[in-house]
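Student: Let me give you the structure first, and then I'll get to my questions.
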Amino acid sequence: MERADVQGLLLFAYRQHPRARIYLLKFAGGEPREWLRRVLTDITSGAEERDAKFRFNLAFSARGLAALGLDDEDLSTFQREFVQGMAHPERSNVLGDRYSDDPQNWQWGSAAEAVDAAALLYAHDQDDLSERGATLEKLLEKFGIGFRAEDIAIPDDGREHFGFADGFAQPFVRGSGRRRQPGDERIATGELVLGYTNAYGKVTEVPTAKPRRGTREHPFPVSGGGRVSFGYNGSYLVIRKLRQDVAGFWQYCWDAAQAEQAADLAERSKLIAARMIGRWPNGVPLVEAPDAERAPAAGLNDFRFRERDPDGLKCPFGAHIRRAYPRDMFGDDAKEGLRDANLHRIVRRGRAYGPKLPGVMPRQDDGIERGLYFMALNANLRRQFEFIQQTWINSCKFAGLSAERDPLIGKEAFDFDDQPVPRRFTVQARPVRQHYEGLPKVVQVRGGEYFFLPGLRALNYLCDGND
Amino acid sequence: MSVVRQQALTVVAPVARGSEAALDQWLRDNKRALQRALARSTTTHFARWVLLPPTPSESGQIIGDRHLMAFETNFDGELQDHLADLRVSLGSMLDGAFAGVEGYPGADDLAALAAFCRGHSLRAAAFFVAHPGLSVPVVHGDAALKLAVESRLGELSHGAQVEGHDALTLARDLQHTALTLAQKDGLALGPVDRGLREQPGVIARAFMRPFAVIVAFLLSPFFEWRDELVRRRQPSWNTPELRAKRDGIGLEEDRVDQNGLTHLVAMKPGWYRSFTLGVMVHLVTALSDAGSLIGRLGGIQTIHFARWVLLPDARLLFFSNYDGSWEAYLGEFVDKASMGLTMIWSNTIWYPKTRFVLFQGAKDEEAFKAWTRACQVPTQVWYSAYPTLSVGDVLRNAKVRELLGQELDVAGAQKLLALL
Numbered sequence: 001m002e003r004a005d006v007q008g009l010l011l012f013a014y015r016q017h018p019r020a021r022i023y024l025l026k027f028a029g030g031e032p033r034e035w036l037r038r039v040l041t042d043i044t045s046g047a048e049e050r051d052a053k054f055r056f057n058l059a060f061s062a063r064g065l066a067a068l069g070l071d072d073e074d075l076s077t078f079q080r081e082f083v084q085g086m087a088h089p090e091r092s093n094v095l096g097d098r099y100s101d102d103p104q105n106w107q108w109g110s111a112a113e114a115v116d117a118a119a120l121l122y123a124h125d126q127d128d129l130s131e132r133g134a135t136l137e138k139l140l141e142k143f144g145i146g147f148r149a150e151d152i153a154i155p156d157d158g159r160e161h162f163g164f165a166d167g168f169a170q171p172f173v174r175g176s177g178r179r180r181q182p183g184d185e186r187i188a189t190g191e192l193v194l195g196y197t198n199a200y201g202k203v204t205e206v207p208t209a210k211p212r213r214g215t216r217e218h219p220f221p222v223s224g225g226g227r228v229s230f231g232y233n234g235s236y237l238v239i240r241k242l243r244q245d246v247a248g249f250w251q252y253c254w255d256a257a258q259a260e261q262a263a264d265l266a267e268r269s270k271l272i273a274a275r276m277i278g279r280w281p282n283g284v285p286l287v288e289a290p291d292a293e294r295a296p297a298a299g300l301n302d303f304r305f306r307e308r309d310p311d312g313l314k315c316p317f318g319a320h321i322r323r324a325y326p327r328d329m330f331g332d333d334a335k336e337g338l339r340d341a342n343l344h345r346i347v348r349r350g351r352a353y354g355p356k357l358p359g360v361m362p363r364q365d366d367g368i369e370r371g372l373y374f375m376a377l378n379a380n381l382r383r384q385f386e387f388i389q390q391t392w393i394n395s396c397k398f399a400g401l402s403a404e405r406d407p408l409i410g411k412e413a414f415d416f417d418d419q420p421v422p423r424r425f426t427v428q429a430r431p432v433r434q435h436y437e438g439l440p441k442v443v444q445v446r447g448g449e450y451f452f453l454p455g456l457r458a459l460n461y462l463c464d465g466n467d
Numbered sequence: 468m469s470v471v472r473q474q475a476l477t478v479v480a481p482v483a484r485g486s487e488a489a490l491d492q493w494l495r496d497n498k499r500a501l502q503r504a505l506a507r508s509t510t511t512h513f514a515r516w517v518l519l520p521p522t523p524s525e526s527g528q529i530i531g532d533r534h535l536m537a538f539e540t541n542f543d544g545e546l547q548d549h550l551a552d553l554r555v556s557l558g559s560m561l562d563g564a565f566a567g568v569e570g571y572p573g574a575d576d577l578a579a580l581a582a583f584c585r586g587h588s589l590r591a592a593a594f595f596v597a598h599p600g601l602s603v604p605v606v607h608g609d610a611a612l613k614l615a616v617e618s619r620l621g622e623l624s625h626g627a628q629v630e631g632h633d634a635l636t637l638a639r640d641l642q643h644t645a646l647t648l649a650q651k652d653g654l655a656l657g658p659v660d661r662g663l664r665e666q667p668g669v670i671a672r673a674f675m676r677p678f679a680v681i682v683a684f685l686l687s688p689f690f691e692w693r694d695e696l697v698r699r700r701q702p703s704w705n706t707p708e709l710r711a712k713r714d715g716i717g718l719e720e721d722r723v724d725q726n727g728l729t730h731l732v733a734m735k736p737g738w739y740r741s742f743t744l745g746v747m748v749h750l751v752t753a754l755s756d757a758g759s760l761i762g763r764l765g766g767i768q769t770i771h772f773a774r775w776v777l778l779p780d781a782r783l784l785f786f787s788n789y790d791g792s793w794e795a796y797l798g799e800f801v802d803k804a805s806m807g808l809t810m811i812w813s814n815t816i817w818y819p820k821t822r823f824v825l826f827q828g829a830k831d832e833e834a835f836k837a838w839t840r841a842c843q844v845p846t847q848v849w850y851s852a853y854p855t856l857s858v859g860d861v862l863r864n865a866k867v868r869e870l871l872g873q874e875l876d877v878a879g880a881q882k883l884l885a886l887l
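See the structure below:
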């Protein structure tokens, strides 16, 4: 992998820079190319020194690329999911963004509130972030670029809003130069970066663009027909803003524990919640500790489902971590299962927004919006991100289940007569399973878009004028 | 009870020139009404009406001077009973759904209608059934029994937990619930004869025509070299028009838990390709017969019914009724059934490059998916008798029905409960 040409976000989660801000940009009426020229040197590559004070990355939606001079022919070489955009009705169909998650209810990303680019600024602390953010904002204003900014962070206690440690299941990308953690499955470079060999042993399709004046100055691979390989060293970046109803989640678990007439309501609620997630709040997977939370051992990504828990009696089949990444649970044997599951991996870069709701397992809401900026990178939106969302998260037939979706982020379902389908979560048990009925919808989509994260040479290309 | 066999009906007839737009509109407008009417049919598993447009051949010439109407069903029992059942269920809607189709006699006369369907029906080159021997009433009955015992479990629960019974007591309680319902509604309970018998000599049958198989494989390098020349000369088939068409298809998919797929592509020209298609269909069918009995098509467990039909104008038509998303379905094709599919589809145009008829081809994931999408035809009306049931659900519900109707010991009771 050409680490000096890829953007740093591909390789790093920037854990040393826990404070961050996302800028969603609108180019209309501004001078995006002039602005891009000014910030080009600030953009973090994959070869950057570790101790730099800031990290800065930049990705464009299809309309953003069009504003920077890519024409229809150029755009038709990108994945059509990207060109359509996340709010396109066909994508909504696939992603399950209907009813209350319908793009028309979104804060941004819909046709009415379309965005052209996402700029991500990362810093060591809040002061640095504010200072650099102010500079950036001044520059955006100078070039007439509209923006919507929101602070995002890795929470100090390392736990997302529901109170669970997360972000463990990441693939190890060959050629990334990172250290492989125990349990991280290897995936081909072309599963993350365009222009490399993917899981099928094929070089991924690379979006191309017509040559521009000055393009020759950059050592830029040229494809057939004189077109430049614009997408080389790039990747598709998925961003979804997901609101979390923390109090609603814990209230449901509490009520469910009460309905079961549990002796210790707090312990029982915690167990019910852990079963929905598949991990305890401290990140220990239920296949390792099915009955009670215990101190984390090393390697929280180092486990499989098939041998330890073939019947889902430890970690329910419908648990979020199984649906998001089923590891070895499908297929004729563990090896085949793992191989198939690894055809659908994403590299996650999500961060939380909004303040934590105070307290442990809090059931009282404070009316402040909080949630997750889900961010994920992949080379094939349809086979990787969308597949996970459609075939695992939102499938009511996942793992032999018959009428339920992901207990946390599953879509809202309606039947043929437009009646809402009640949300259910099944816990496999002996002699007979338990059904948790009437789950609340605790995660709401508030915005989203597909972006393209170009390589550095491609960013240079965007600065070069046709005009 | 006698075995109920599942069969395929494919009626293909030309639409009078100029009538196709009106027919297309009528079918789209009446889609829901047709689905509701078909729900009254007791013999129809899946059905669809699809207008097959003229499509290009390898040389770019257009095959077909008119649209063709393809009406297909997967049905139980004998054709004449099925047609009578369709006529009762659909009534005069049949006339709307076949308006402008040449030779259609109207719904009034059953004999004429049957003659029309027989006269225009095409035999499937290959036909797959995931749950043979389970008729529509049995599938529905099984689902009703499952629902009844589920709701009985709900009555016995505090919150999510079913209270205190041991497996045997619980199972007997559920058996009582099932028996009451089965007697009230006349549902099958216990085993149903599905006519599943070991078919002997699968491998032997596959090589019943060894000479043909050898000729097909031996000659393949030459014809693959020819394909390569054609590929170099040909302009890209991935045109803006095709892309626009496939956008429309995407909007119709994934509305429910099942999908229907209609795929139409011209054969490559010449005797070798039609010869090889015949050989390969025979080979694939023979090799996967044993597998298809347990609901798999080349290792795929999500296809209810599928079939290939060769049209007289040398185009290959593929119908499939599958669970889940297009992407997952195609992914399984690539990961689990690439050889079988390549053996069949490599004889059609634009197909990704192959080696010895069975290698590469569908293994080229991005190219294969793009090809499939490009050859898909929008389906005007698609019907499923059990749109919320997956292949897995159908087979599991059947197992539940068997156990509910049997004398159970503790192990049997545990087995039953584990299926719920």
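Heads up: the protein sequence lines correspond to chains W and B, in order. Residues in the first sequence are numbered from 1 upward in steps of one, following my numbering. Residues in the second sequence are numbered from 468 upward in steps of one, following my numbering. Beta carbons are placed, not taken as given, at the ideal position from N, Cα and C, and that holds for glycine.
When you compare only the Cα positions, how much space is there between W:E2 and W:L381?
Tutor: Roughly 22 Å separates the two Cα atoms.
Student: Identify whether B:M734 lies in helix, strand or coil by the three-state DSSP scheme.
Tutor: Strand, per DSSP.
Student: Compare the C-beta of W:A544 against all C-beta atoms of chain B and say whether one is closer than 9 Å.
Tutor: Absent from the structure is residue 544 of chain W, since the part of chain W shown begins at 1 and ends at 467.
Student: Secondary structure at W:S395, three-state DSSP: helix, strand or coil?
Tutor: Note: W:S395 maps to coil in three-state DSSP.
Student: In angstroms with no decimal places, state the Cα-to-Cα distance between B:A514 and W:R268.
Tutor: Each residue's Cα considered, the two are about 48 Å apart.
Student: Going along the chain, which residues of its own chain have a beta-carbon closer than 8 Å to the beta-carbon of W:V124, five neighbours each way excluded?
Tutor: Before going further, note that residue 124 of chain W is His rather than Val in the sequence given. Counting only Cβ-Cβ distances below 8 Å, and skipping sequence neighbours, we find Q16, H17, P18, R19, K53.
Student: How far does the alpha helix (DSSP H) with B:H549 in it extend, from its first residue to its last?
Tutor: Note, B:H549: alpha helix (DSSP H), 546-557.
Student: Residues of chain W with CB closer than 7 Å to the CB of B:L884, please, in chain order.
Tutor: Neighbours of B:L884 on chain W, chain order: P431, V432.
Student: What does the alpha-carbon distance come out to for the pair W:G85 and W:V442?
Tutor: Rounded to whole angstroms, W:G85 to W:V442 spans 25 Å at the Cα level.
Student: Using the C-alpha atoms, what's the distance from W:F303 back to B:S759?
Tutor: Any reading at B:S759 must be qualified, since the residue scores a pLDDT of 45, below 50, and its modelled position is unreliable; the value itself is stated next. If I take the Cα positions, the gap works out to 34 Å.
Student: W:H124 by DSSP, collapsed to three states: which one?
Tutor: If DSSP states are grouped into helix, strand and coil, W:H124 belongs with coil.
Student: Give me the subset of the stretch 503-526 of chain B whose CB atoms are less than 8 Å from a CB atom of chain W, sorted by chain position.
Tutor: Those would be none; no residue qualifies.
Student: So W:G283 and W:P296 are in contact, right, with Cβ under 8 Å, and what is the actual spacing, rounded?
Tutor: Rounded, the Cβ-Cβ distance is 6 Å, consistent with contact.
Student: Checking contacts by CB at 9 Å: is W:D467 closer than that to chain B?
Tutor: With a pLDDT of only 45 at W:D467, under 50, the local geometry of the prediction cannot be trusted, and the value read off the model is given with reservation. Taking Cβ atoms only, chain B never reaches closer than 9 Å to W:D467, which makes this a no.
Student: Should the stretch 519-526 of chain B be called in touch with the stretch 575-587 of chain B, which here means at least 3 C-beta pairs below 8 Å?
Tutor: Segments in contact, no.
Student: Exposed or buried, B:V877, counting other C-beta atoms within 10 Å across all chains shown (16 or more means buried)?
Tutor: The residue is exposed, with fewer than 16 neighbouring Cβ atoms inside 10 Å.
Student: Have a look at B:E545, B:F800, B:A610, B:T510 and flag the residue whose alpha-carbon is nearest the alpha-carbon of B:L553.
Tutor: The shortest C-alpha separation from B:L553 is found at B:T510.
Student: Which residues, taken in chain order from the stretch 400-434 of chain W, show a beta carbon closer than 7 Å to some beta carbon of chain B?
Tutor: Result list: G400, S402, V427, P431, V432, R433, Q434.
Student: So W:S176 and W:V206 are supposed to be a Cβ contact under 8 Å. How far apart are they, rounded?
Tutor: In fact, because the Cβ distance is near 19 Å, the residues do not count as touching under 8 Å.
Student: Below 7 Å on C-beta distance, what does B:H625 contact in chain W?
Tutor: Residues of chain W passing the Cβ test: A259, E260, Q261.
Student: Take the Cβ of B:H512 as the centre, count every other Cβ of all protein chains shown within 10 Å, and call the residue buried at 16 or more, exposed below.
Tutor: Under this definition B:H512 is a buried residue.
Student: Going by the DSSP bridge assignment, what does B:E539 pair with across the sheet?
Tutor: Answer is B:T477, B:R515.
Student: Could you give the distance in angstroms between the alpha-carbon of B:A781 and the alpha-carbon of W:L65?
Tutor: About 44 Å.
Student: Is there a Cβ of chain B sitting closer than 9 Å to that of W:D101, yes or no?
Tutor: By this cut-off, W:D101 is not an interface position.
Student: Assuming B:M734 contacts B:T815 under a Cβ cut-off of 8 Å, what Cβ separation, rounded to an integer in Å, is found between them?
Tutor: Contact holds; Cβ gap of about 6 Å.
Student: Just to confirm the assignment, what range does the alpha helix (DSSP H) spanning B:T815 have?
Tutor: It is not in any alpha helix (DSSP H) - B:T815 carries neither H nor E in the DSSP assignment.
Student: Would you report the Cα separation of B:L550 and B:Y796, rounded to the nearest angstrom?
Tutor: The alpha-carbon atoms of B:L550 and B:Y796 are separated by roughly 31 Å.
Student: Roughly how many angstroms lie between the CA atoms of B:W738 and W:S45, to the nearest whole one?
Tutor: Straight-line Cα distance between these residues: approximately 57 Å.
Student: On the CB-based measure, 16 or more other CB atoms within 10 Å of its CB, does W:Q7 come out buried or exposed?
Tutor: Result: buried.
Student: May I have the straight-line CA-CA distance separating W:L456 from W:D5, to the nearest angstrom?
Tutor: Approximately 5 Å between the Cα atoms of the pair.
Student: Measuring alpha carbon to alpha carbon, tell me which residue in B:P572, B:N788, B:K498 is nearest B:V596.
Tutor: The residue with the shortest Cα to Cα distance from B:V596 is B:N788.
Student: Would you mind reading off the limits of the alpha helix (DSSP H) that contains W:Y252?
Tutor: Looking at the DSSP string, the run of the alpha helix (DSSP H) that includes W:Y252 is 246-259.
Student: So the candidates are B:T706, B:F538, B:Y571; which of them puts its Cα closest to the Cα of B:C842?
Tutor: Checking every option, the nearest Cα to that of B:C842 belongs to B:T706.
Student: Hey, would you say W:F164 sits closer than 9 Å to W:I277, going by beta carbons?
Tutor: Yes, these two residues count as a Cβ contact at 9 Å.
Student: Report the three-state DSSP secondary structure of W:T77 (helix, strand or coil).
Tutor: W:T77: coil per DSSP, three-state reduction.
Student: Would you tell me roughly how many angstroms separate the C-alpha atoms of W:F27 and B:F689, rounded to the nearest one?
Tutor: Straight-line Cα distance between these residues: approximately 55 Å.
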